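Chains A and B supply the protein sequences, listed in that same order.
Using UniProt numbering, you'd call the opening residue of the first sequence number 1 and step up by one each time.
Using UniProt numbering, you'd call the opening residue of the second sequence number 1 and step up by one each time.
Just so you know, even glycine gets a beta-carbon here, dropped at the ideal spot from N, CA and C.
All of these numbers come straight from a predicted model, not from anything done at the bench.
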Amino acid sequence: MKMQKKRYVLKFPAQSGDMPLSYHLVKDFDIRINILRAEVWPGKTGSLVLELEGTTTNLKNGIAYLEENQVSCEPLNKKITWDNARCISCGNCTAVCFAGALQMNPEKWELQFDPEKCIVCELCVPACPLNLFKIDFRDN
Amino acid sequence: MSIQKTYEEINEKIRRGEAVVLTAEEVSQMALTATPEEIAEKVDVVTTATFGAMCSSGAIVNFGHANPPIRMEKIRLNGVPAYEGLAAVDTYIGATACDPENPKYGGAHVIQDLVDGKDIELEAWGKGTDCYPRKHIKTIINKETVNEMILFNPRNAYQNYPVAVNSTSQMKYTYMGNLLPNMRNATYSTSGELSPLLNDPEMKTIGIGTRIFLGGTQGFVVWPGTQFNTLKPKNEFGVPVSNSATLAVMGNLKEMSSEFLQAAYYEKYGVSLFVGIGIPIPVLNADIAKNVSIRNEQIETTVCDYGVEGSPALGRVTYAELRSGEIEVQGKKIRTAPVSSLAKARKIAKILKQSILAGEFEISKPVQMFPTNTSLKSLKEVKGGEQS
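As structure tokens, then:
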């Protein structure tokens, strides 16, 4: 079976902190997890950025399991917006982007953004002098 | 016989639609196979450009007189303090000015809002005099209501600029962007082989009165810029290897466009203004042809440690290395990133080229050349503020 790697933003309801969800993802669904970012506190809502690797079926079942437990699971790239129309391609954001999601095109020297590579470190948000990045990581 | 052209001959060609105009990047490519003499013969004008944050920017605005009139002795534009010592209803709003209560909106944003035709709140106070009895006014102004708005930038288009790194263990927030600890990134600002004063390093064609592209319209070089320094070390290609000469520029802000004038806020540093400047260089002879042929691998700049007081120099790199994405400084490989827009600079060089080809932009002979022997003084702290 072909393995897939995808990044998701998980949002937990206040009462889910005591459930070993990631254990079940690994054990029951054979999914390899890589925690890129976590903000989970017992008794409060929490967010987690996870890279999930597994077969298409296992990923689908694992995500269904999370959702059954009231954990929302959205692809990471839907949580990031960048106002491309106003971007001047100055490059300030690329200086801090270690994941390589933000890079200058070496021919045109225009900014290229690959949300798939983003690890939501959020360093680009303050680095942009035009304030063009919006990342919806935390619960609103 | 060596080629020698005059400004008038080149302008005649522009008027006849026969001038050959190349961007500085195009002529650098041509120089790979052509000699300076051949370039001087074939090419008439080379266009250069830059689009970077230039803090030393601002605008002069005349509001017109209200009835009854007021001598404005304290002025706020959308809450941003503007200079009040320019007679009754004139002001100068500096790009970096800001209200400490709202530090992310500053003079640069007021300037951009004016250019965009937006309404700006003007509030002013005066003590009340016989000819200006009014003590307070609060009103709305915009591009259409003011008499004049003039961009005047005392120090722009720096001839070269250092690369910034940070050797400390803390993030540094600078006008060269956010510098990661332990030299994990390096930022650079100049547009390299496209940069105006790197293509005319001795300023043989650029001086007071040079007509330029400024913020989307035609403007002028009006003076050598502040901190103008001609004594910085040069490399074997005649290019200063750190920040040297600068230009004071001026133009009609009413005609400009926010496509080439962009307000910016740098985290924990403050407000600045991206300014688009394009300068045409007439190829009068083979010497000038050689200068405009400079390539990124021949332009060097100094790497400075912005984490340490005095920003000490750590080494030298070329623009070809900077553009490759990685430089080596003291044996350490460091990722590089630009902080000025090469894409916009290229657009400006192209627009300027097309304007010249269309006969809409003639080159101008400077009315006075720049000084050739100036250096910089630093500010000495005299004890108690008194002369000893």
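CB contact check: residue i to chain B, cutoff 8 Å
i	result
Met-104(A)	yes
Val-96(A)	yes
Lys-108(A)	yes
Leu-130(A)	yes
Gly-91(A)	yes
Ile-88(A)	yes
Ala-127(A)	yes
Interface flag, residue i vs chain A, CB-CB below 8 Å
i	result
Ser-340(B)	yes
Phe-237(B)	no
Ala-358(B)	no
Ala-19(B)	no
Leu-198(B)	no
residue 399(B)	A question about residue 399(B) goes unanswered here, because the residues of chain B that appear run from 1 up to 388.
residue 416(B)	A question about residue 416(B) goes unanswered here, because the residues of chain B that appear run from 1 up to 388.
Thr-187(B)	yes
Tyr-266(B)	yes
Lys-344(B)	yes
Asn-178(B)	yes
Ala-49(B)	no
Phe-274(B)	yes
Arg-337(B)	The sequence as given places Ala at residue 337(B); Arg does not occur at that position. Closer than 8 Å: yes.
Check whether residue i and residue j have beta carbons under 8 Å apart
i	j	result
Ile-356(B)	Ala-19(B)	yes
Ala-95(B)	Ala-108(B)	yes
Gly-276(B)	Gly-219(B)	no
Val-115(B)	Met-203(B)	no
Tyr-83(B)	Tyr-173(B)	no
Gln-330(B)	Leu-314(B)	yes
Ile-212(B)	Gly-117(B)	no
Ser-189(B)	Met-176(B)	yes
Ala-127(A)	Cys-93(A)	yes
Pro-282(B)	Ile-39(B)	no
Lys-353(B)	Thr-47(B)	yes
Ser-293(B)	Val-27(B)	yes
Ser-89(A)	Lys-344(B)	yes
Leu-194(B)	Ala-24(B)	yes
Asn-185(B)	Ala-337(B)	yes
Ile-141(B)	Leu-122(B)	yes
Val-110(B)	Val-89(B)	no
Ala-59(B)	Leu-198(B)	no
Arg-155(B)	Ala-263(B)	no
Ile-14(B)	Glu-41(B)	no
Pro-366(B)	Gly-128(B)	no
Phe-113(A)	Ala-101(A)	yes
Ala-164(B)	Thr-187(B)	yes
Gln-368(B)	Gly-251(B)	no
Glu-74(A)	Val-9(A)	yes
Thr-56(A)	Gln-4(A)	yes
Leu-76(A)	Cys-118(A)	yes
Cβ-heavy atom distance, residue i to the ligand SAH, below 7 Å
i	result
Pro-106(A)	By its list of ligands, the structure shown contains no ligand whatsoever, and the ligand SAH lies outside what it can speak to.
DSSP-derived helix/strand/coil call for residue i
i	result
Asn-140(A)	Bear in mind that the predicted position of Asn-140(A) carries a pLDDT of just 47, short of 50, making it unreliable; the figure below should be weighed with that in mind. In this structure, Asn-140(A) counts as coil in the three-state DSSP scheme.
Ser-378(B)	coil
Ile-141(B)	strand
Arg-335(B)	strand
Ala-124(B)	strand
Asn-11(B)	helix
Leu-32(B)	coil
Glu-236(B)	coil
Ile-363(B)	coil
Gly-384(B)	helix
Ala-345(B)	helix
Ala-40(B)	helix
Short CB-CB distance (under 8 Å) between residue i and chain E
i	result
Asp-90(B)	The structure shown contains no chain E; its protein chains are A and B.
If we require 4 or more residues per run, which alpha helix (DSSP H) segments fall completely within the segment 175 to 232 of chain B?
Taking only runs of at least 4 residues, the alpha helix (DSSP H) segments lying wholly in the segment 175 to 232 of chain B are 196 to 199.
Ranges of the alpha helix (DSSP H) found wholly within the segment 12 to 51 of chain A, counting only runs of at least 4
Taking only runs of at least 4 residues, the alpha helix (DSSP H) segments lying wholly in the segment 12 to 51 of chain A are 21 to 29.
Stretch pair the segment 243 to 255 of chain B + the segment 286 to 296 of chain B: three plus CB contacts closer than 8 Å:
The segment 243 to 255 of chain B vs the segment 286 to 296 of chain B: no contact.
Three or more C-beta pairs under 8 Å: does that hold for the segment 77 to 91 of chain A against the segment 117 to 133 of chain A?
Judged by Cβ distances under 8 Å, the segment 77 to 91 of chain A makes contact with the segment 117 to 133 of chain A, as three or more pairs qualify.
Report the residue ranges of all alpha helix (DSSP H) runs contained in full by the segment 244 to 324 of chain B; include only those spanning at least 4 residues, in chain order.
With a minimum length of 4 residues, the continuous alpha helix (DSSP H) runs that stay inside the segment 244 to 324 of chain B are 286 to 292 and 319 to 324.
Ranges of the beta strand (DSSP E) found wholly within the segment 106 to 138 of chain A, counting only runs of at least 3
Listed in chain order, they are 111 to 113 and 133 to 135.
Does the segment 369 to 376 of chain B touch the segment 40 to 53 of chain B, meaning 3 or more C-beta pairs lie closer than 8 Å?
Output reads no: the segment 369 to 376 of chain B does not touch the segment 40 to 53 of chain B.
Would you check if there are 3 or more beta carbon pairs closer than 8 Å linking the segment 51 to 60 of chain A to the segment 27 to 40 of chain A?
Short answer: they touch.
Validate contact between the segment 14 to 28 of chain A and the segment 55 to 69 of chain A using beta carbons, cut 8 Å, 3 pairs
Contact holds: three or more Cβ-Cβ distances are below 8 Å.
Using 8 Å as the cut-off, can you tell me whether the segment 66 to 83 of chain B makes contact with the segment 129 to 142 of chain B, which would need three or more C-beta pairs spanning the two stretches below that distance?
Judged by pairs of C-beta atoms under 8 Å, the segment 66 to 83 of chain B touches the segment 129 to 142 of chain B, as three or more such pairs exist.
Quick check for students: name the residue ranges of the alpha helix (DSSP H) that lie wholly in the segment 68 to 141 of chain B, counting only runs of 4 or more.
Listed in chain order, the complete alpha helix (DSSP H) runs (minimum 4 residues) inside the segment 68 to 141 of chain B are 107 to 115.
Segments of 4+ residues assigned as alpha helix (DSSP H) that fall wholly inside the segment 51 to 112 of chain A
You should have 56 to 68.
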